[in-house]
Structure formats: C-alpha cells, structure tokens
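Quick note: the sequence shown uses the UniProt record's numbering, first residue 1, plus one each step. Idealized CB from N, CA, C, for every residue including glycine. First comes the structure, then the notes that go with it.
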Amino acid sequence: MISNSIISESPRPIWQIPIAALFFTAATFILLFALYGIQLSEEGFILFLHRLEPCIILISFGIGFTLTKSIHIDIVNSRFRPTYNIGPIKFGSWQTIKNYQYVSVFHQPTVGGDYIFEVNLWYDNNKHFELYEEDNYKEAFLIGYELSEQLNIDLLDATEPNNFKWIDKDEWKAKIASGKID
1 MISNSIISES PRPIWQIPIA ALFFTAATFI LLFALYGIQL SEEGFILFLH RLEPCIILIS
61 FGIGFTLTKS IHIDIVNSRF RPTYNIGPIK FGSWQTIKNY QYVSVFHQPT VGGDYIFEVN
121 LWYDNNKHFE LYEEDNYKEA FLIGYELSEQ LNIDLLDATE PNNFKWIDKD EWKAKIASGK
181 ID
C-alpha cells in the first residue's frame with residue numbers, strides 16, 4: 001500500500017507560462033506606478049485605488065494561465081489536502097476523513113455538449129470529496145481504481161445515468177495486467 005500519493009491536473013502548456021509572466025510583469029509595473037504617484041490625502045487614496053483596478057485584472061488573467069489543482073493524499077493519517085498552485089505558490093489545508101465508503105466515477109455534461117468525468121471519494125454515508133476531473137474516461141477511471149485499491153474500498157461506475165454498477169476490481173486487475181483497458 002502506498003502511504004502518500006498526489007492526484008494532479010496535467011501541467012499547463014509551456015506557451016502559457018510566458019503569457020502569464022507578461023500579465024504579472026504588467027501588473028507589477030502598474031502597481032509601482034500607482035505607489036510612485038501616491039498622495040497622502042483622500043483624493044490621492046481614491047486615485048491609487050483606481051490605478052489598482054487594471055493591476056487586479058492583469059493579476060487575475062495571470063492566475064488563470066498558471067492555476068492548477070492537485071490533491072495530496074496521506075493514507076496512513078487519513079488526510080487529504082486539495083491545493084491550488086499558482087506557479088510555485090500553493091494554497092490548501094489538510095482535511096481528515098474517516099469512514100471511507102467508496103470511490104465513484106461519473107460524468108457531468110459541459111456547456112459544449114462534451115462530458116467531464118469526475119472522481120469522488122464518498123465517506124460518512126452521504127459526504128463526498130471531489131478528487132479529480134478529466135475529459136478522458138479511461139484516465140479518470142484509472143485514478144479512481146488506483147485510489148480504491150490504496151484505500152481498500154469499492155469502486156462505483158456511475159458514468160451511465162440511472163445505471164450505476166459496482167466494479168469487479170479483480171477483473172480490472174486482469175485488464176490492467178494484460179494492457180486491454182477499454
């Protein structure tokens with residue numbers, strides 16, 4: 001059994017890093033300009049806030065080009081930590097979960113008519129922890145399978161509406177071993 005694992009979104013494409021750097025650089029220059037011309041009066045403070053508006057907009061675009069999500073799992077201590085990464089900076093806190101029940105894989109329709117497959121960990125009868133989203137069924141299902149194996153709990157395939165089925169994990173082990181995963 002693996003005691004720690006990380007489920008992570010795929011890294012951002014390399015072309016997005018320079019674009020994010022441009023947004024962050026422009027925001028820094030605007031902030032420096034706003035600080036340089038600051039006046040210690042009510043009108044000066046209002047002018048400073050107006051100069052910060054484009055800075056905040058540029059920072060949000062930069063974050064949009066660098067934000068990734070990952071889930072750190074400490075199985076030994078029954079802890080999960082969802083983290084949001086903006087470059088090297090990580091935000092997130094540990095959450096303790098006891099009484100694991102099962103892992104489910106299901107799909108959600110998107111606006112464009114495609115589907116996003118989600119992997120959830122269910123615990124305490126009706127609570128769930130959203131672990132992973134992927135547009136590829138096979139990848140999402142393999143993540144769900146691996147986690148259910150690590151936690152030694154059941155796996156539910158809920159990708160067909162109103163036709164949920166429990167997965168025979170021994171059959172899946174054989175499929176993975178043979179390399180014939182549908």
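Worksheet item: Who are the Cβ neighbours of HIS107 in its own chain at under 6 Å, not counting the five residues just before and after it?
Response: Contacts found: TYR115, PHE117 and THR159.
Worksheet item: Do TYR102 and LEU156 come within 9 Å of each other at the CB atom, strictly closer than that value?
Response: Yes. Within cutoff.
Fill in: Neighbourhood of ILE86 by C-beta distance below 8 Å, restricted to the same chain and skipping five residues each side
If we look at ILE86 and ignore the five residues flanking it on each side, its Cβ neighbours are ILE63, THR66 and LEU67.
Worksheet item: Of the choices GLY112, LYS69, LEU151 and GLU139, whose alpha-carbon is the least far from that of ARG79?
Response: Measuring from the Cα of ARG79, the nearest candidate turns out to be LEU151.
Worksheet item: With 16 as the cutoff for other CB atoms within 10 Å, does PHE32 come out buried or exposed?
Response: A small fix is needed here, since residue 32 is Leu in this sequence, not Phe. LEU32 comes out exposed.
Item to complete: Using 10 angstroms around the beta-carbon of ILE14, count the other beta-carbons present and answer buried if the total reaches 16, otherwise exposed.
Response: That one is exposed.
Item to complete: Out of ASP154, LYS69, LYS173 and ILE73, state which residue places its alpha-carbon closest to the alpha-carbon of PRO11.
Response: Ranked by Cα distance from PRO11, the first of ASP154, LYS69, LYS173 and ILE73 is LYS69.
Worksheet item: Could you give the C-beta distance for HIS26 and LEU52, rounded to a whole number, given that I count them as a contact under 8 Å?
Response: As written in the sequence, residue 26 is Ala, which differs from the His given in the question. 13 Å between Cβ atoms; not a contact.
Worksheet item: Mind pulling the alpha helix (DSSP H) runs of 4 or more residues that sit fully within the segment 21-81?
Response: Here the runs fully enclosed are 42-66.
Worksheet item: Can you check whether the CB of TYR137 is closer than 9 Å to the CB of VAL105?
Response: Less than 9 Å separates the beta-carbon of VAL105 from that of TYR137.
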